[in-house]
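Colleague: The sequence shown runs 206 to 461 under our numbering.
Ideal placement from N, C-alpha and C gives every residue a C-beta, glycine not left out.
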Amino acid sequence: MKIASFNVKKLGLSKVNDDFVRTYLIKIVSRYSVVVMLEVVDANGRAMKKFLEKLNEYRDNRHDPFSMESSKMLGRSTYKEKFVFFYRAREVKLIDSFQYEEEGRDVFAREPFAVQFKCLNTGVCNRALGYAIFHIRILALWLLLMTFVMMNSTDIFLQNIMILGDFNADGPYLSNRKKENSPMWYPPYFWLIDDKVDTTTSNKNDHTYDRIVVFGNHMYEAVGANSAKAFNFQRAYHLPDAQAISDHYPVEVELL
206 MKIASFNVKK
216 LGLSKVNDDF
226 VRTYLIKIVS
236 RYSVVVMLEV
246 VDANGRAMKK
256 FLEKLNEYRD
266 NRHDPFSMES
276 SKMLGRSTYK
286 EKFVFFYRAR
296 EVKLIDSFQY
306 EEEGRDVFAR
316 EPFAVQFKCL
326 NTGVCNRALG
336 YAIFHIRILA
346 LWLLLMTFVM
356 MNSTDIFLQN
366 IMILGDFNAD
376 GPYLSNRKKE
386 NSPMWYPPYF
396 WLIDDKVDTT
406 TSNKNDHTYD
416 RIVVFGNHMY
426 EAVGANSAKA
436 FNFQRAYHLP
446 DAQAISDHYP
456 VEVELL
């Protein structure tokens with residue numbers, strides 16, 4: 206079962222209505238059993254509804270269709286985004302979703318969103334698997350994750366959790382000193398996307414902003430060998446320019 210996180214850069218109706226962009230987004234999403242899209246700008250839901258319809262008309266998706274689950278619109282200003290999951294209903298069953306709500310200090314520009322799936326065909330998911338989705342800086346991630354786990358303190362979330370998204374975990378956002386001082390950089394957290402992986406489509410940097418982290422040995426042992434990587438769709442599809450689609454590549458991993 207292949208899982209991915211994809212920051213699509215202002216994914217809204219204009220991109221969905223662009224035949225070129227939509228075609229390649231559909232090809233990319235169709236590679237996965239579960240994929241979460243970040244930076245979705247779609248307050249009324251029309252863009253993602255249309256994308257889901259077109260996605261399920263594509264090749265084998267007609268017989269193995271996707272379903273969708275999304276967060277609310279998130280943001281401090283008039284500009285807001287949401288997280289949207291696309292998942293194959295024959296492979297995973299959605300059990301629950303959870304929108305983190307801040308109390309007191311306004312720490313997060315976009316509050317995290319989590320879902321709980323029952324995997325139907327994969328050994329790791331004899332019980333449910335929790336995915337926590339973030340688009341924040343790494344220094345805030347540790348405190349937030351501890352809050353999240355305590356609020357959902359069941360064996361499911363303590364043993365079967367995957368944390369993925371755009372952590373801004375490189376470049377000017379994260380020094381080596383800050384990384385070494387973060388408890389999340391050490392077991393029982395396992396960072397699957399190596400620091401040398403370029404997750405951006407820009408030719409001006411090779412930063413590893415997007416990450417996938419699993420919690421605990423149980424989850425780590427279920428990860429397919431060498432399956433965690435960025436998917437360079439520009440190279441795979443021989444595109445002259447990836448920027449029209451996104452400024453990030455998806456990051457992906459396979460669970461056995």
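So, under 8 Å CB-CB, R251 and L218 are touching, yes? Tell me the CB distance rounded to an integer number of Å.
Modeller: Correct: roughly 6 Å between the Cβ atoms.
Colleague: Residues bridged to F303 by DSSP?
Modeller: A319
Colleague: Per the DSSP calculation, R416 is bridged to which residue(s)?
Modeller: G370
Colleague: Tell me the rounded alpha-carbon separation between V402 and D224.
Modeller: 29 Å
Colleague: Note down, in chain order, each residue of its chain lying with its Cβ closer than 7 Å to the Cβ of Q448, except the 5 sequence neighbours on either side.
Modeller: T406
Colleague: Apart from the five residues just before and just after K215, which ones in its own chain have a Cβ nearer than 7 Å to its Cβ?
Modeller: E244, V246
Colleague: Do T404 and V458 count as a contact pair if the criterion is CB distance below 9 Å?
Modeller: no
Colleague: Hey, how far is the Cα of N408 from the Cα of M253?
Modeller: N408 and M253 have their C-alpha atoms roughly 29 Å apart.
Colleague: Helix, strand or coil for V246, going by three-state DSSP, please let me know.
Modeller: coil
Colleague: Quick check: the segment 431-451 against the segment 377-395, are at least 3 beta-carbon pairs closer than 8 Å?
Modeller: Touching, no, given that fewer than three Cβ pairs across the two stretches are closer than 8 Å.
Colleague: Could you give the distance in angstroms between the alpha-carbon of R416 and the alpha-carbon of N373?
Modeller: 9 Å
Colleague: Here's the rule I'm using: 16 or more other beta-carbon atoms within 10 Å means buried, otherwise exposed. How should I366 be labelled?
Modeller: Classification of I366: buried, given that the 10 Å Cβ count is 16 or more.
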